[in-house]
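To start, the structure under review is shown below, and the notes come after it.
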Amino acid sequence: QVQLVESGGGSVQPGGSLRLSCTASRSIFSIRDMEWYRHVPGKQRELVARFTSSGSTTYADSVKGRFTISRDNAKNTVYLQMNSLKPEDTAVYFCIALPTTVGGTTYWGQGTQVTVSS
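Okay, here's the thing in structure tokens:
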């Protein structure tokens, strides 16, 4: 069992920055890919960024150049640094730990609200 606890959401003006954190209850980054998703009610959930267990990163086209995913293995924490925020970035952001095997368990954080508005 893995618990994921997110923090760092809030309200910010367009052009501002926020850093989201996702802390796992135990060390998992060496065996699990970690992802940040976002969801707006009424819209499809969107994969924002991925940090694989091997250390590679990928981003949605909508956030490339503005968002950065990183991790601190010693703190069991993965981060999402969000810069140059836009109103369309407003969503609930979820941290996810992918399964280690096919059919395995996916773990989700509780979500954190990000609101970008003037």
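Position in the sequence shown counted from 1, then plus 14, gives you our numbering.
Each residue gets a CB set at the ideal place from its N, CA and C atoms; glycine is no exception.
Pair within 8 Å by beta-carbon distance, residue i and residue j
| i | j | result |
| --- | --- | --- |
| threonine 115 | glycine 23 | no |
| valine 26 | valine 106 | no |
| lysine 100 | proline 55 | no |
| glycine 123 | valine 19 | yes |
| serine 21 | serine 39 | no |
| glutamate 60 | leucine 112 | no |
| phenylalanine 81 | methionine 96 | yes |
Reference residue i, options the options, closest by Cα
| i | options | result |
| --- | --- | --- |
| glycine 118 | Arg64, Asp47, Arg85 | Asp47 |
| threonine 104 | Thr37, Val77, Cys36, Tyr121 | Val77 |
| threonine 37 | Val128, Thr120, Ile110, Ser132 | Ile110 |
Residues near residue i by beta carbon distance below 6 Å, same chain, minus five either side
| i | result |
| --- | --- |
| serine 84 | Tyr93 |
| threonine 72 | Arg64 |
| serine 30 | Here residue 30 is glycine; the residue named in the question, serine, does not match the sequence. If we look at glycine 30 and ignore the five residues flanking it on each side, its Cβ neighbours are Leu99. |
| tyrosine 121 | Val16, Leu18, Ala111 |
| serine 41 | Asn90 |
Beta-carbon proximity list for residue i, same chain, < 8 Å, skipping 5 on both sides
| i | result |
| --- | --- |
| proline 43 | The displayed chain sequence assigns phenylalanine, not proline, to residue 43. Around phenylalanine 43: Phe65, Ser67, Arg85, Asn87, Asn90, Val92. |
| isoleucine 45 | Ser67, Thr114 |
| arginine 33 | Gly22, Tyr93, Leu94, Gln95, Met96 |
Residue i beta carbon near the ligand NAP (any heavy atom closer than 7 Å)
| i | result |
| --- | --- |
| glutamine 58 | Looking at this structure, you won't find the ligand NAP or any other ligand, since it has none at all. |
Segment limits, beta strand (DSSP E) that includes residue i
| i | result |
| --- | --- |
| glycine 23 | Unbroken run through glycine 23: none, as it is neither H nor E. |
| arginine 33 | 32-38 |
| valine 54 | First-last for valine 54: undefined, no H or E at that position. |
| alanine 63 | 60-65 |
| serine 132 | Element bounds for serine 132: n/a, residue is neither H nor E. |
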